[in-house]
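Colleague:
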Amino acid sequence: MSSFDLIVAGAGIIGAACAQSAAEAGLRVAVVEPGAIGGGATAAGMGHLVALDDVPAEFALARHSLRLWQAWAHQPEAEFQRCGTLWVADDEAGLELLRSKAARLSAAGMIAELLDTAALRDAEPALSHDVAGGLRVPTEAVVYPPRIAHAMLTRVTALGGALHHGRRVVSLDADGACLDDGTHLSGPVLVACGCDTPALLPELLMRPRRGHLVITDRYPGWLRHQVVETGYAASAHGDAAEAVACNVQPRPGGQLLVGSSREFGRAESAISPALLARMLRRCFRFMPGLARLKALRAWTGFRPTTPDGLPYIGALPSRHDVWVAAGHEGLGVTTALGTAQLFVDLFLGRAPRLDPAPYAPLRSVA
Amino acid sequence: MSAILHLRIDGIAVEVPEGASVAAAVARATRSFRQSRHGMPRAPLCGMGVCFECRVAIDGEPHVLACMTAAREGMQVRTHG
Amino acid sequence: MAEGCEVLVIGAGPAGLAAAATAAANGARVALLDAQPRAGGQVWRHDIAHGASRRARRALRRIAPVKRHFGMRVVAADPGARTLLAEDSLHAREFGWDRLVLAAGARELFLPFPGWTLPGVTGAGGLQALVKQGWPVAGRRVVVAGSGPLLLAAAASLRAHGARVLAIVEQAARDDVHAFARKLWHWPDKLAQAARLRMALAGVPIRYGAVVRRASGDSHLQTIDIDCDGRVETFECEYLAIGFGLVPDTGLARMLGCGLNDATHPAIRVDALQRTTVDGIHAAGECCGIGGMQTASIEGAIAGHAAAGNEAGARALLPSRDRARRFADALAHTFAPGPCVRMLADDTTIVCRCEDVTWGELRSFDDARAAKLATRCGMGPCQGRICGAALAELLGWSWHGHPRQPLFPARLSTLAFDSLATFP
Ligand SMILES: Cc1cc2nc3c(=O)[nH]c(=O)nc-3n(C[C@H](O)[C@H](O)[C@H](O)COP(=O)(O)OP(=O)(O)OC[C@H]3O[C@@H](n4cnc5c(N)ncnc54)[C@H](O)[C@@H]3O)c2cc1C
Ligand SMILES: Cc1cc2nc3c(=O)[nH]c(=O)nc-3n(C[C@H](O)[C@H](O)[C@H](O)COP(=O)(O)OP(=O)(O)OC[C@H]3O[C@@H](n4cnc5c(N)ncnc54)[C@H](O)[C@@H]3O)c2cc1C
Ligand code: FES
């Protein structure tokens, strides 16, 4: 029988999280994924669980999700490590940003400690002496997203869900979804196809935003916190054709994950040597010793980006029983759990724990 | 006869002929070059710079391939085994 | 700005040396790069105790007019800009070319079995390479195992450096090896080579159709168990030098967009003039298929002529190249790993040495990418060069996507090299 309570198209972190929440709520779920589980943006990203606070709706979703991530803190497949975030600034404007960020995070009930230069040196000896101030958010963490997506799907199938692996949803109709092998699945459909969402839902605008990352060999103890320059939020929320910001993460095994870059209008996955060089030099400015460390590999990934930077979560009023959860830009790992909870609440007609209005898919259709 | 080079491997003095690799010098002091991710001892496999099992720290620089590096007078080598 | 030259040759083994010398003899301005500190590649690797062979010395003399950069490893390539990025122990440098010759050679195929990660278990060619550069084996007990003629060559070198070679353990069946040996008269120079090896190895027992089941020891190798027709034999030894033949090195070629053939361990696809599928890029030697030193030298010369625009010179060498390739094909057929060496690993045997991923964790996956994402297999510093080849052999997985830079671990400062001048 190919009738389901919910058909999820896409097994990135968003589709996997939604499928898991739905299955745990007792729904009969089918998941369709053409590639590797968590093999899209989910495999290419950093997996930093961080509350970006300068856009209120994004902040709310991230904060709520961070609480939900607690449940994964002791699951080995999450490779969860509470390294904390250290925001750093090397100029007056940056210091000002640190202070306002500290105020906003504290007001929201998060721990946020301003560090002077001495405390900064102590916390992170690798930082340049030109770094003038820091803000530590000790509760934030890093995870390994593709393994989590895999674990979520394992949970879904253990609860009786069906996984159509190696298959793709090619069209939606009044009664469900058609797959590329001719199979028809009936039931409500959730489109969680990341950057590929417009292929099924052309009315939703989405641009892939390319990012470069580099992973190093193991240097245990070299860095303790995920170090992010204050300019990162501006690069994430700005609309520049090309931007770089220092964002360096210690992996649990001692490797460092070095980012970040953002580009619109680049569809190819090949590395841009010039932009990679620019990104790395930006990082050397904050951590000069990085230059000597050995890179194992560089790659690119694509962030699914909506015109206003907020994800689409909810039903498409113009269609019958078609839902979407996509467009989480550079924060989709963090916000996956909150997204899943919000989606299931809306889907089952329960009172949502967050105001869903800012994420309504309609807002861009209008 | 070629010259003799003097190196220290984890503090142990070793001598090798000129032209020898750092791997050859390390082999005179210890059998384990590094520890694997789960703490198992490892030593050179390929001898030609592809397996990365021979990584040691040379003069403070970590993750140098001992099999691809010529020994030089006075080198201080640290293994992780 | 990139340092330019007319013909840039990557790899200074027999193929690259021949290519560089031949291109230079045709009047081209040539540069030669190799990651090793000295020229010679694998077979002509400088032996600090015994010096270089006569052939090697001759080949090295012929590159006198060539600009040499040794200890320089190519870590990235930009085919559009025709530049390569390389680093040595201190600096990064960029090289440009009009014609490029890839002569990156091959690496050994290792198949996992219980105990293969113990110190003392090395490649067959691997131990030979280490010993030539001063690794002490005098008086040490060594068993040489795996498959192919490289075992004999390695055993002979080890013996020449004073090792006690207890046995050679060849997985191929005795009858197949003997049938191959009877065909050797087609290639008189090979016959002579075989005779020399036999003499050098007088008294060393050879077990055919035999495999190493297990290597054991506390923190380093102490004993190995050999399975020969169901009979288990145990050897006490300090070293096990084991390899199952060679696989072509195609990483740089793939980064440059060159097409490969569809073998289990793909090689770079070339035409009669050693041209790859990318305009201006030639390839020669074992990166185009395992063929031995002589094939590599001939192919290198063809590529050198062709890269310097002397097509007639290249064509004159085609008959000898074809003859050499025929020998290589017969060899590959005889020593192809048989089913017994594919079933050695148990669930606790490490397959990915960089990330300590076991056979038990891997064998349930359908493909390399899914396994990699879930287990980190192939994500370490060797970037799947060891485990990827093993899994291609054991499970038929393909690891041959478009490789990302750096090709080999490289300093971040190298990747941040100011290349704006050449990458507008
Ligand atoms: C460089 C970079 C760094 C990042 N860093 C972070 C970070 O530190 N923290 C953080 O929270 N976020 C980060 N992100 C963002 C995060 O990775 C993404 O927002 C998130 O992974 C998006 O998940 P997704 O499931 O929507 O998309 P994807 O992971 O791309 O999943 C979509 C899936 O849908 C499948 N699909 C496509 N079409 C179809 C179809 N027709 N039928 C069925 N399936 C289909 C695809 O195969 C794919 O698996 C980063 C992203 C990048 C690129
Ligand atoms: C938190 C985190 C940590 C990560 N850590 C690492 C890490 O430590 N190491 C790492 O490599 N990646 C790491 N990654 C990268 C990531 O898994 C993939 O690289 C990413 O999914 C991008 O996929 P891709 O399409 O580029 O390549 P892949 O999915 O990796 O596919 C590319 C194919 O090309 C092959 N290939 C690439 N380079 C070579 C080469 N030089 N020689 C031979 N074959 C080659 C690969 O084996 C592979 O089959 C990490 C990702 C995350 C999110
Ligand atoms: S022994 Fe393999 S890289 Fe040095």
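Residue numbers (this note's numbering), protein chains in the order written: chain A, 10 to 375; chain B, -15 to 65; chain C, 69 to 492. In this text, a Cβ means the ideal position worked out from N, Cα and C, and glycines have one as well.
1. Taking only beta-carbon atoms, is residue 223/A less than 8 Å away from chain C?
2. Go ahead and pull the three-state DSSP assignment for residue 153/A.
3. Give the straight-line distance between the Cα atoms of residue 483/C and residue 393/C, rounded to the nearest whole angstrom.
4. Enumerated in chain order, which unbroken segments of the beta strand (DSSP E) with a length of 3 residues or greater are wholly contained in the region 294 to 328 of chain C?
5. Could you pull the start and end residues of the alpha helix (DSSP H) that residue 242/C belongs to?
6. Under the DSSP definition of a beta bridge, which residues are partnered with residue 256/A?
7. If you draw a straight line from the alpha carbon of residue 338/C to that of residue 400/C, how long is it in whole angstroms?
8. Give me the residue from 314/A, 343/A, 228/A and 47/A with the minimum Cα distance to residue 1/A.
9. Based on the DSSP output, what are the partners of residue 221/A in its beta bridges?
10. In whole angstroms, give me the CA-to-CA distance for residue 391/C and residue 352/C.
11. Is the Cβ of residue 21/B closer than 8 Å to any Cβ of chain A?
12. Please indicate yes or no: does the CB of residue 82/C lie closer than 7 Å to some heavy atom of ligand 3?
13. Run through DSSP, which three-state label would residue 227/A get?
14. Is residue 179/C near ligand 3 - that is, is its Cβ less than 7 Å away from at least one heavy atom of it?
15. Grab me the residues of residue 287/A's own chain with a C-beta within less than 8 Å of its C-beta, minus the 5 sequence neighbours each way, in chain order.
16. Between the beta-carbon of residue 307/C and the beta-carbon of residue 205/C, is there less than 8 Å?
17. Give me, in chain order, the residues of the same chain whose beta-carbon lies closer than 8 Å to that of residue 125/A; leave out the 5 immediate sequence neighbours on both sides.
18. Taking a contact to mean a Cβ-Cβ separation below 8 Å, would you say residue 232/A touches residue 135/A in this structure?
19. Please determine whether the Cβ atom of residue 338/A lies at a distance below 7 Å from any heavy atom of ligand 1.
20. Is residue 376/A a contact residue of ligand 1, with contact defined as CB to any heavy atom under 7 Å?
21. Using a C-beta cutoff of 8 Å, does residue 241/A count as contacting chain B?
22. Assign residue 121/C to one of two classes, buried (16 or more other C-beta atoms within 10 Å of its C-beta) or exposed (fewer than that).
23. Cα separation between residue 488/C and residue 283/A?
24. My understanding is that residue 268/C touches residue 190/C, with C-beta atoms under 8 Å, so please give their C-beta distance in whole angstroms.
25. DSSP on residue 139/C, reduced to helix/strand/coil?
26. If you count every other CB in all the chains shown that lies within 10 Å of the CB of residue 15/A, and 16 or more means buried, which is it?
27. Just to confirm my understanding: we take residue 42/A, look at its own chain, exclude 5 residues before and 5 after, and list those with CB closer than 7 Å. What are they?
28. Check whether chain C comes within 8 Å of residue 293/A, counting only Cβ atoms and requiring the distance to be less than that.
29. Please determine, among 308/A, 255/A and 319/A, the residue with the shortest C-alpha to C-alpha distance to residue 411/A.
30. Let me check one thing: in DSSP terms, what residues is residue -7/B bridge-paired to?
31. Does DSSP put residue 121/C in a helix, a strand or coil?
32. Which two residues bound the contiguous alpha helix (DSSP H) that contains residue 73/A?
33. Taking residue 12/A as part of the beta strand (DSSP E), name the residues at either end of that continuous run.
34. Which of the three DSSP states is assigned to residue 295/A in this structure?
35. So, are the CB atoms of residue 76/C and residue 168/C less than 8 Å apart?
36. Tell me whether residue 50/C sits in a helix, a strand or coil according to DSSP, three-state version.
Modeller: So, from the listed chains and residues:
1. Closer than 8 Å to some Cβ of chain C, the Cβ of residue 223/A qualifies, so yes.
2. The answer is coil: DSSP assigns residue 153/A none of H, G, I, E or B.
3. Pairing residue 483/C with residue 393/C, the inter-Cα distance amounts to about 39 Å.
4. Secondary structure in the region 294 to 328 of chain C: the beta strand (DSSP E) runs of 3 residues or longer, each lying completely within the stretch, are 299 to 304, 307 to 311 and 314 to 316 in chain order.
5. Secondary structure note for residue 242/C: its alpha helix (DSSP H) is the uninterrupted segment 242 to 250.
6. For residue 256/A, which the question treats as bridged, DSSP gives the partners 237/A and 268/A.
7. So the two alpha carbons sit approximately 19 Å from each other.
8. Because chain A spans 10 through 375 in this model, residue 1/A falls outside it and cannot be assessed.
9. Looking at the DSSP assignment, residue 221/A forms a beta bridge with 309/A.
10. Going by the C-alpha atoms only, they are around 16 Å apart.
11. Yes, because at least one Cβ of chain A sits closer than 8 Å to the Cβ of residue 21/B.
12. No, the Cβ of residue 82/C stays beyond 7 Å of every heavy atom of ligand 3.
13. If DSSP states are grouped into helix, strand and coil, residue 227/A belongs with the strands.
14. Every heavy atom of ligand 3 is 7 Å or more from the Cβ of residue 179/C, so no.
15. Close CB contacts of residue 287/A within its chain, under the 8 Å cut and outside five residues either way in sequence, are with 253 and 270 (chain order).
16. Yes, Cβ-Cβ distance for residue 307/C and residue 205/C is below 8 Å.
17. So the qualifying residues of the chain are 142.
18. Yes; because the gap between Cβ atoms is below 8 Å, this pair is in contact.
19. Correct: residue 338/A has its Cβ closer than 7 Å to ligand 1.
20. In the structure as shown, chain A starts at 10 and stops at 375, and residue 376/A therefore has no counterpart that could be examined.
21. No, its Cβ sits nowhere closer than 8 Å to a Cβ of chain B.
22. Flag for residue 121/C reads exposed.
23. Since pLDDT at residue 488/C reaches only 44, below the 50 mark, its modelled position is unreliable, and the value read off the structure follows with that caveat. Near 6 Å, if we compare the C-alpha coordinates of residue 283/A and residue 488/C.
24. Incorrect: roughly 20 Å between the Cβ atoms, too far for contact.
25. DSSP places residue 139/C outside both helix and strand once states are collapsed to three, so it counts as coil.
26. That one is buried.
27. Closer than 7 Å at the Cβ level, and outside the excluded window around residue 42/A, lie 19, 20 and 174.
28. So, interface residue.
29. Look at the range of chain A in this structure, 10 to 375, and you will see that residue 411/A is not part of it.
30. Under DSSP, residue -7/B shares a beta bridge with -4/B and 61/B.
31. Note: residue 121/C maps to coil in three-state DSSP.
32. Under the DSSP assignment, residue 73/A falls in the alpha helix (DSSP H) whose first and last residues are 65 to 78.
33. No beta strand (DSSP E) contains residue 12/A, which DSSP labels as neither H nor E.
34. DSSP places residue 295/A in helix when its eight states are reduced to three.
35. Cβ distance < 8 Å, so residue 76/C and residue 168/C count as in contact.
36. Given that chain C is displayed from residue 69 to residue 492, the structure contains no residue 50/C and the question cannot be resolved.
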